[in-house]
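This report refers to the structure that appears directly beneath it.
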Amino acid sequence: MPRPMYRSRSWREVKKTTPRGELVVHYEKRHPGKARCAICGRELHGVPALRPYWLSKLAKTMKRPERIYGGVVCPMCLARGLREAVRASLHVTTSKPTSPPSL
């Protein structure tokens, strides 16, 4: 009988064969889900789906892409957001200056 903490389905059963040839059951925590884009919800590539303990052992460049908002926003949403930001800044700067009111 497993320990009560292992009876929930948050623990994954892994069957292992011992050197003696016996089949034993080990319990592991499940892997987390894939990282998703914060805007569109699409799956992010280049971000490993690991538990925090294993993620802490990776180099910084292996944890997420090396670009702005890497690991948070997908490249397509980032490109669209940058285009909108540039267009908004150009629209504000090209507006005609208002003349001061005459007295």
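Note that our numbering has the sequence shown beginning at 46, numbered continuously upward. All residues carry an ideal CB built from backbone N, CA and C; glycine is no exception. Please read these numbers as outputs of a predicted model, since none were measured by experiment.
#1: With Leu-100 as the anchor, note down where its alpha helix (DSSP H) starts and where it stops.
#2: In this structure, does DSSP put Glu-129 in helix, strand or coil?
#3: Would Cys-85 be called buried (16 or more neighbouring beta carbons within 10 Å of its own) or exposed?
#4: Which runs of the beta strand (DSSP E) at least 3 residues long sit entirely within the stretch 57-90? Give them in chain order.
#5: Once DSSP output is grouped into helix, strand and coil, what is the label at Pro-47?
#6: Return the chain-ordered list of same chain residues with a C-beta closer than 7 Å to the C-beta of Thr-62, the five sequence neighbours on each side being excluded.
#7: Just the C-alpha distance for Leu-95 and Arg-81, rounded to the nearest angstrom, thanks.
Quick look at the numbers:
#1: Per DSSP, Leu-100 belongs to the alpha helix (DSSP H) from 97-100.
#2: Helix, per DSSP.
#3: Residue burial is scored here from C-beta neighbours: Cys-85 has fewer than 16 other C-beta atoms within 10 angstroms and is therefore classed as exposed.
#4: Complete beta strand (DSSP E) runs here, min 3: 68-74.
#5: In the structure shown, Pro-47 sits in coil (DSSP, three-state: anything other than H, G, I, E or B).
#6: Once the five neighbours on either side are set aside, the close Cβ partners of Thr-62 are Leu-68.
#7: If you take the alpha carbons of Leu-95 and Arg-81, they lie about 14 Å apart.
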